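J.:
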Amino acid sequence: MTIRRVVVVDDHRMLGELLAEAMSAEPDLRVVGYAPSADADIEGLLERTGPDVVTVEIEDADDAGTALLERIAGVTPRPRIVVLTASNDFERMVAAARSGADAWLSKSARSAELAATVRAVCDGHTVYPSAHLGAVLRALAGGQAARAVDDPLAVLTRQERRVLQGMVDGARGPDLAAALHVSTGTVRSHTRRLFLKLGVHSRLEAVRVARAAGVRPSAHPAE
């Protein structure tokens, strides 16, 4: 039997514990960590525990919500992400999907449905409400194609862009980690991913691609 390792991200400790208890009752699911969404070292927790799936409770896929999803998606190896939310807004679903969410599930879903969703994303499936799944996938495909034409850096997440900007500024790993409030290991993970996405093998090559795309040194690189 394959054991799926899960980390729960939820700002409500009691609800998070109930969620963890419900999943732990499943013989093939094991909750290996918990964190609130504001945890500055959430990447470090994920790197230490190595979950297959992270469940994330968010109210809205706003800037804070999507930034959190991007942080989680930037961890290596990348865990699958299940968003738990009360929202059923299509635009927010698309924003979440673009930020790395593999599933969008109602917070009121039964524990059996949550367990089934965790198993499904582990098997490589994308799980969104059936009425919106096709439209979400089409919006993603169309948006990615359009952005790739207009912006060669469109393949990068927000955090990867910030790391790339730091490279253009000449910042080193520890400085980038301090500026982004993450560990140096997380910066290395973002660096490996952006190298792969841009098809480069060094910081110098990455900076050349960034400069060609119009990225310039920041006025205040330390901030």
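Under the UniProt record's numbering, the first residue of the sequence shown carries the number 1, and numbering increases by one thereafter.
All residues carry an ideal CB built from backbone N, CA and C; glycine is no exception.
As the structure is a prediction and not an experimental result, all values here were calculated from the model.
Out of Gly124, Tyr128, Asp10 and Ser99, point me to the one whose CA is closest to Glu113's CA.
T.: For the residues Gly124, Tyr128, Asp10 and Ser99, the minimum Cα distance to Glu113 belongs to Tyr128.
J.: To the nearest angstrom, how far is the alpha carbon of Ala222 from that of Ala171?
T.: Only weak support is given to the placement of Ala222: the predicted model assigns it a pLDDT of 47, under 50, and the question is left unresolved by the model.
J.: Going by DSSP, name the residue or residues bridged to Leu29.
T.: Partner(s): Arg4.
J.: So is Asp52 buried or exposed if we call it buried at 16+ other beta carbons inside 10 Å?
T.: buried
J.: Ordered along the chain, which non-local residues of its own chain (more than five positions away) have a Cβ less than 8 Å from that of Met14?
T.: none
J.: Could you please give the first and the last residue of the uninterrupted beta strand (DSSP E) stretch that includes Thr76?
T.: First-last for Thr76: undefined, no H or E at that position.
J.: Does the pairing of the stretch 90-97 with the stretch 43-50 give three or more beta-carbon distances under 8 Å?
T.: For the pair of segments examined, the stretch 90-97 was found not to touch the stretch 43-50: the number of CB pairs separated by less than 8 Å stays below three.
J.: Use the C-beta contact count for Gly124: other C-beta atoms within 10 angstroms, 16 or more gives buried, fewer gives exposed.
T.: exposed
J.: What whole-angstrom Cβ distance do Ile81 and Ile72 have, given they're in contact under 8 Å?
T.: 6 Å
J.: Can you have a look at Thr2 and say buried or exposed, based on whether 16 or more other CB atoms are within 10 angstroms of its CB?
T.: By the neighbour-count rule (16 or more Cβ atoms within 10 Å), Thr2 is not buried but exposed.
J.: If you follow the alpha helix (DSSP H) that Thr49 is part of, which residue opens it and which one closes it?
T.: Where Thr49 is concerned, the enclosing alpha helix (DSSP H) stretches over Ile42 to Thr49.
J.: With DSSP as the reference, please indicate the residues paired to Ile58 in a beta bridge.
T.: According to DSSP, Ile58 bridges with nothing at all.
J.: Roughly how many angstroms lie between the CA atoms of Ala40 and Leu19, to the nearest whole one?
T.: 22 Å
J.: Looking at the structure shown, is Ser218 part of a helix, part of a strand, or coil, going by DSSP?
T.: Here Ser218 sits in coil by DSSP.
J.: Could you pull out every residue in the same chain whose Cβ sits closer than 8 Å to the Cβ of Asp11, ignoring the five residues on either side in sequence?
T.: Spatial neighbours of Asp11 in its own chain (CB-CB distance under 8 Å, excluding positions within 5 residues in sequence) are listed in chain order as Pro36, Ser37, Ala38 and Glu57.
J.: Do you know offhand how far Ala120's Cα is from Thr85's?
T.: 18 Å
J.: Out of Tyr34, Gly74, Ser24 and Glu17, state which residue places its alpha-carbon closest to the alpha-carbon of His190.
T.: Gly74
J.: Just to confirm before moving on: does the CB-CB distance between Asp169 and Ser202 stay below 8 Å?
T.: No, they are not a contact pair.
J.: Please classify Glu205 as buried or exposed, where buried requires at least 16 other C-beta atoms within 10 Å of its C-beta.
T.: Exposed.
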